[in-house]
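Trainee: Before we start, here is the structure in question, set down as structure tokens.
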Amino acid sequence: AEIRQLRARQPFRGRSLAEDGKHAIPTFDEVISLVRQQQRETGRRIGIYPETKAPGHFKGIGLDPKPRLLAALARGGIPHADVPVIVQSFEPGILRELNAESDLVLVQLVSPASRETPNVPNIPLAGIAAYADGVGANKYLLLNAAGEDSGFVAGAHKLGLNVHTWTIRDDAVPERF
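Going by our numbering, the sequence shown runs without a break in its numbering and finishes at 544.
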């Protein structure tokens, strides 16, 4: 009911605000329904890539997102071979729990450990390989200050981890990218 009251807005300066307030924010169940509808209409295989937001916080106040996520997927008939699902999170705890309780593909999101060590992830790759299938790396982990390969991707691949990066916007691409 709370989500139904919200409308999407453009958060980035310099982008058009013409669509602000016009579009409802879909529930996760509605996203799953949209995927299923688009699969029927297009005949294409379409996946879902949800990110858990602050799962530790919500679990701490009695709103554990894990059972809600799993229940929503089950209601949508997922996981299923025709709907790939990858769950991503900045918090290892929920990914470890999902790893123990499901066959979902899991991705640990990571950032640089510090400004002094910009090419070192805040969570060691070796530890991630124990519970996740991949790593979602902040773009600054991938290239050094000179814009050269940092070795991060090769290191992740050696551990059997798939890699993707976040977030690169076409209207705000840092110089070295």
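C-beta atoms are modelled at their ideal positions from N, C-alpha and C, and glycine is treated no differently.
Which class does ASN511 belong to by DSSP, given the choice of helix, strand or coil?
Mentor: coil
Trainee: Could you tell me which whole beta strand (DSSP E) segments of length 3 or greater appear in the stretch 420 to 465?
Mentor: Segments of the beta strand (DSSP E) lying fully in the stretch 420 to 465: 453 to 456.
Trainee: Give me, in chain order, the residues of the same chain whose beta-carbon lies closer than 6 Å to that of ASP396; leave out the 5 immediate sequence neighbours on both sides.
Mentor: ALA439
Trainee: Given this structure, state the Cα-to-Cα distance separating GLY522 from LEU476, to the nearest angstrom.
Mentor: 16 Å
Trainee: Measure the CB-CB distance between VAL454 and GLY414 and report whether it falls below 8 Å.
Mentor: no
Trainee: Where do the ends of the alpha helix (DSSP H) carrying HIS390 lie?
Mentor: That residue, HIS390, is in no alpha helix (DSSP H); it is neither H nor E in DSSP.
Trainee: May I ask you to list the residues that DSSP assigns as paired with ARG374?
Mentor: Answer is ALA391, bridged to ARG374.
Trainee: Which word fits PHE379, buried or exposed, when buried means at least 16 other C-beta atoms lie within 10 angstroms of its C-beta?
Mentor: Exposed.
Trainee: Look at ASN489 and ALA497 and say whether their C-beta atoms are less than 8 Å apart.
Mentor: No; because the gap between Cβ atoms is not below 8 Å, this pair is not in contact.
Trainee: For VAL398, name the three-state secondary structure that DSSP assigns.
Mentor: helix
Trainee: Within a Cβ cutoff of 6 Å, which residues of the same chain sit near VAL520, ignoring the five residues on either side of it in sequence?
Mentor: VAL530
Trainee: Touching or not, the stretch 391 to 411 and the stretch 424 to 434, by the rule of three or more beta carbon pairs under 8 Å?
Mentor: No, the stretch 391 to 411 does not touch the stretch 424 to 434.
Trainee: Roughly how far, in whole angstroms, is the beta-carbon of LEU526 from the beta-carbon of SER517, given that I think they are within contact range, below 8 Å?
Mentor: Not a contact, Cβ separation roughly 15 Å.
Trainee: Under three-state DSSP, which class holds ALA504?
Mentor: strand
Trainee: Since VAL472 is in the beta strand (DSSP E), which residue starts that stretch and which ends it?
Mentor: Unbroken beta strand (DSSP E) run through VAL472: 472 to 477.
Trainee: In this structure, how does DSSP classify THR409 when only helix, strand and coil are distinguished?
Mentor: helix
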